[in-house]
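Asker:
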Amino acid sequence: MMAALPLRPMVNNGTVLPKKSGGTLPALSGSRKDAAAPATKSKLKEPVFNTGMRRVTHCKVTVQIYLTRPSKRTGTAEAPKSCVAALSGRSSAPHTPDSKSESDKSVRSTGVRKTPTFTIPLRKSVSQSSYSPLDTPSYRSPVKSPSQYFQIWYVKMYLKGRPITMYMPKDLVDTYCLEAKSDLPNKKLKLDWVYGYRGRDCRSNLYLLPTGETVYFIASVVVLYNVDDQLQRHYTRHTDDIKCLAVHPDKITIATGQVAGTSSDGKQLAPHVRVWDSVSLNTLHVLGTGFFDRALVCLAFSKSNGGNMLCVVDDSNDHVLSVWDWQREERLADVKCSNEAVFAADFHPTDTNIIVTCGKSHLYFWTLERGTLVKKQGLFEKQEKPKFVLSVTFSENGDTITGDSSGNILVWGKGTNRISHAVQGAHDGSIFALCMLRSGTLVPELFGPVRTVAEGKGESVLIGTTRNYVLQGSLYGEFTPITQGHTDELWGLAVHPWKPHFLTCGHDKHVSLWDSSSHQPVWTKTMEDAAQSAGFHPSGAVVAIGTQTGSGERWQEVQQIGEVLGLWPDGSDGTDINAVSRSNEKQLLVTGDDFGKVCLFSYPCSQFRAPSHVYGGHSSHVTNVNFLFDDSCLVSTGGKDMSVMQWR
4 MMAALPLRPM VNNGTVLPKK SGGTLPALSG SRKDAAAPAT KSKLKEPVFN TGMRRVTHCK
64 VTVQIYLTRP SKRTGTAEAP KSCVAALSGR SSAPHTPDSK SESDKSVRST GVRKTPTFTI
124 PLRKSVSQSS YSPLDTPSYR SPVKSPSQYF QIWYVKMYLK GRPITMYMPK DLVDTYCLEA
184 KSDLPNKKLK LDWVYGYRGR DCRSNLYLLP TGETVYFIAS VVVLYNVDDQ LQRHYTRHTD
244 DIKCLAVHPD KITIATGQVA GTSSDGKQLA PHVRVWDSVS LNTLHVLGTG FFDRALVCLA
304 FSKSNGGNML CVVDDSNDHV LSVWDWQREE RLADVKCSNE AVFAADFHPT DTNIIVTCGK
364 SHLYFWTLER GTLVKKQGLF EKQEKPKFVL SVTFSENGDT ITGDSSGNIL VWGKGTNRIS
424 HAVQGAHDGS IFALCMLRSG TLVPELFGPV RTVAEGKGES VLIGTTRNYV LQGSLYGEFT
484 PITQGHTDEL WGLAVHPWKP HFLTCGHDKH VSLWDSSSHQ PVWTKTMEDA AQSAGFHPSG
544 AVVAIGTQTG SGERWQEVQQ IGEVLGLWPD GSDGTDINAV SRSNEKQLLV TGDDFGKVCL
604 FSYPCSQFRA PSHVYGGHSS HVTNVNFLFD DSCLVSTGGK DMSVMQWR
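Structure below.
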């Protein structure tokens, strides 16, 4: 919903008043009690209309509309005909006393000033079927000066008892019609590019498909990125953060799991698994709605039986492990896995009935028998038990291989829960990722905070890091980033005044300038403080960054788009719209809100309940939106989801 000024007459949920000279508001004349009194004599024979007042509460927003004429002034001016025309269909009502003394008497007799009404003397126009204000001395406008703009009307709204005053732009006063309806914009947005990768707190979420596309996720979007062709496709059917991903043995079917969320109307969105086709991007099945708790942390398809089963671990207190026949959407078995964190779960490559899970202080071998899961604990025996078992994979002969927080690689014999071989101190730090290459070479974490290792084309390797980089390279050469993003809450966004570039900055203290054509960073700088806002100088040669600490001036250059009258979607509390931007062609207006939505309106859109196209993708509040200088693209930034999305 867009609430703007003024609203439809049958709703009357705004306060519209002329602005008093000198910048102060005129006194309200009349009251509801006065409105009910008999009309006083008038020398004018034309019909007199009294619209009355209504008070409506909608979406926790209480709004009142007041129309009153200013006190006696000199000069002449024609009042807004279109607004008055909207009142012409109303039935006449007694005239409200104008004298200040009568109004004051009414207040003194009741002890409380009633909500005022308004009276506008109207005269039928000969040339048109509408009414226009009478040119009487009591309704004459002053000669406009810097201190006298009484025809600038305003809306006074109450959001949870908090008053908000919004002034109508002068250029709308003469043309605005209360009865007009806004149309949907004739253009739509399409997600063109997603910047970033979620490696900070997720693992096993990076794979190479036979199509040459690298698949990973960020926010609520799964990205299929063809590095050679520089093209992206996107699966966008999730409603909140994606936390895990698995690829079927056919390399076409993909399963992704999301966290629980909340819709814009306050309803809980259950965590679930979506199984979908990576070629058509069509959803095939949805599993576990109403069964899982909080979020999903691990997913894996079975390997030896054609991938007919899917194992899932949720993020409940008991970290429930469940096995599904995903094609029938049927749960085959479930069991409490561990009270501690679970980091990985996978089917054995040659025995469909064996599942291995690992996590804090545990390694479990599960056997599926007649609808139940039977557990065997891994025995470390003479080997010092690590605090965390962080990763698991399998060799070609069926041995289980684990990496732990002590930097050890342990080999567990096929079909047993005992160690057959140990590589002590294989790494100086924790081993978060293991990948068995086609050549049989085992690749542990090689450098830096790596979280995911995946096999690429030929001898290439894909690596996902905790700094949300995706690197591509070989063990014998250098690794280069193919995707990078921010690592903390993202707020700042600025577009270059004459280049297809935009700048982002956030609480990770990183500032990046992006080329919207090549989708690559032009440069990245690190600041001493967390960044909150950014703005380009009109020349484009200088950019200023505002920080959270205030060390340095916080300044933001914004193109003039006129006064914003008010934007409040359903379920909002008045603080949910974080950003608004108008296209340079003045045809479209876009908003970013706390519900993770990007909304596209026609411009201007100052009517009540102006319709919009609504787009998802962000899983957190949308902190900023902006059109590029030529309106070729729109850029939006997510707060806690740390994503940057480019729309066409």
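Residue numbers for the sequence shown follow this note's numbering, beginning at 4 and rising by one.
Note that the Cβ used here is the ideal one computed from N, Cα and C, for glycine as well.
Just so we're clear, the structure is a prediction, and the values are computed from it rather than from any experiment.
In this structure, what does DSSP give as the bridge partners for P452?
Answerer: Answer is none; P452 lacks a bridge partner.
Asker: What does the Cβ neighbour count give for A537, buried or exposed, with the cut at 16 atoms within 10 Å?
Answerer: Its Cβ being crowded by 16 or more others within 10 Å, A537 is buried.
Asker: For the region 341 to 367, list the beta strand (DSSP E) runs that are entirely contained and at least 3 residues long, ordered along the chain.
Answerer: Fully enclosed beta strand (DSSP E) runs of 3 or longer: 345 to 350 and 357 to 362.
Asker: Does the separation of the CB atoms of T490 and D511 fall below 8 Å?
Answerer: Against a cut-off of 8 Å, the Cβ pair of D511 and T490 comes out as a contact.
Asker: Span of the beta strand (DSSP E) holding N627?
Answerer: Start and end: V625 to F630.
Asker: Give the DSSP bridge partners of I245, in chain order.
Answerer: Paired residues: Q261.
Asker: Cβ of I434 within 8 Å of Cβ of L371?
Answerer: Cβ distance not < 8 Å, so I434 and L371 don't count as in contact.
Asker: Helix, strand or coil: how does DSSP classify L175 here?
Answerer: Reduced to three states, the DSSP call for L175 is helix.
Asker: Less than 6 Å between C-beta atoms, sequence neighbours within five positions excluded: which residues of the same chain meet that for L474?
Answerer: Closer than 6 Å at the Cβ level, and outside the excluded window around L474, lie I466, F482 and P484.
Asker: Have a look at Q487 and P172 and give me their C-alpha separation to the nearest angstrom.
Answerer: If you take the alpha carbons of Q487 and P172, they lie about 43 Å apart.
Asker: What is the C-beta distance between C301 and F350, in whole angstroms, given that I count them as a contact (C-beta under 8 Å)?
Answerer: About 11 Å separates the two Cβ atoms, so there is no contact after all.
Asker: With a 10 Å radius around its C-beta and 16 neighbouring C-beta atoms as the bar for buried, classify E387 as buried or exposed.
Answerer: Classification for E387: exposed.
Asker: Applying the criterion that 16 or more other CB atoms from any shown protein chain within 10 Å of the CB defines a buried residue, is S635 buried or exposed?
Answerer: Counting Cβ neighbours within 10 Å, S635 comes out exposed, since fewer than 16 surround it.
Asker: For my contact list, G199 and S646 are in at a C-beta cut-off of 8 Å; report their separation, rounded to the angstrom.
Answerer: Going by Cβ atoms, the distance from G199 to S646 rounds to 5 Å, so yes, they are a contact pair.
Asker: Classify E492: buried if its beta carbon has 16 or more other beta carbons within 10 angstroms, exposed otherwise.
Answerer: Buried, by the Cβ-count rule.
Asker: Using DSSP with H/G/I as helix, E/B as strand and the rest coil, what is A537?
Answerer: Of the three classes helix, strand and coil, the one that applies to A537 here is strand, per DSSP.
Asker: Taking 7 Å as the limit between beta carbons, can you name the residues of its chain near P500, skipping five residues before and five after?
Answerer: So the qualifying residues of the chain are F539, P541, G543 and F632.
Asker: With DSSP run on the structure shown, which of helix, strand or coil describes H61?
Answerer: In this predicted model, H61 has a pLDDT of only 39, less than 50, meaning its place in the structure is not dependable; the value taken from the coordinates is given anyway. Looking at H61 - three-state DSSP - the assignment turns out to be strand.
Asker: Counting only the same chain and skipping the five closest in sequence on each side, list residues whose C-beta sits under 6 Å from that of V224.
Answerer: Contacts found: V197, H237, T239 and G620.
Asker: Which residues in the same chain have their Cβ closer than 7 Å to the Cβ of E459, if we skip the five residues on either side of it in sequence?
Answerer: The question names Glu, but residue 459 is Gly in the sequence shown. Answer for G459: L211, L465 and Q475, listed in chain order.
Asker: Exposed or buried, which one is S609 when buried takes at least 16 other CB atoms within 10 Å?
Answerer: Result: buried.
Asker: Taking only the alpha-carbon atoms, compute the straight-line gap between D195 and M648 and give it to the nearest angstrom.
Answerer: Approximately 8 Å, taken between the alpha carbons.
Asker: Please state whether DSSP places M530 in a helix, a strand or coil.
Answerer: Coil at M530, not helix or strand.
Asker: From G509 to D518, what distance separates their C-alpha atoms?
Answerer: The alpha-carbon atoms of G509 and D518 are separated by roughly 18 Å.
Asker: Using 10 angstroms around the beta-carbon of H513, count the other beta-carbons present and answer buried if the total reaches 16, otherwise exposed.
Answerer: Buried.
Asker: Contact defined as beta carbons within less than 8 Å: I believe G291 pairs with H275. What is the distance between those atoms, to the nearest angstrom?
Answerer: Correct: roughly 5 Å between the Cβ atoms.
Asker: Just to confirm the assignment, what range does the beta strand (DSSP E) spanning L234 have?
Answerer: Note, L234: beta strand (DSSP E), L234 to Y238.
Asker: Determine the direct distance from the alpha carbon of R165 to that of K159, and round the result to whole angstroms.
Answerer: Each residue's Cα considered, the two are about 10 Å apart.
Asker: Please name the residue, chosen from R612, P607, T594 and S623, that lies closest to V638 on a Cα-to-Cα basis.
Answerer: It is T594.
Asker: Starting from N411, follow its DSSP beta bridges and name the residues at the other end.
Answerer: None; N411 has no bridge partner.
Asker: Let me check one thing: in DSSP terms, what residues is H522 bridge-paired to?
Answerer: DSSP, once it has assigned bridges, lists no residue as partnering H522.
Asker: Start and end of the beta strand (DSSP E) containing N581?
Answerer: Its beta strand (DSSP E) spans residues I580 to R585.
Asker: T178: buried (16+ other C-beta within 10 angstroms of its C-beta) or exposed?
Answerer: Exposed: under 16 other Cβ atoms inside 10 Å.
Asker: Using beta-carbon positions only, say whether V289 and T256 come within less than 8 Å of one another.
Answerer: No.
Asker: Please report the straight-line C-alpha distance between L592 and K163, rounded to a whole angstrom.
Answerer: Looking at the two C-alpha atoms, the distance is approximately 27 Å.
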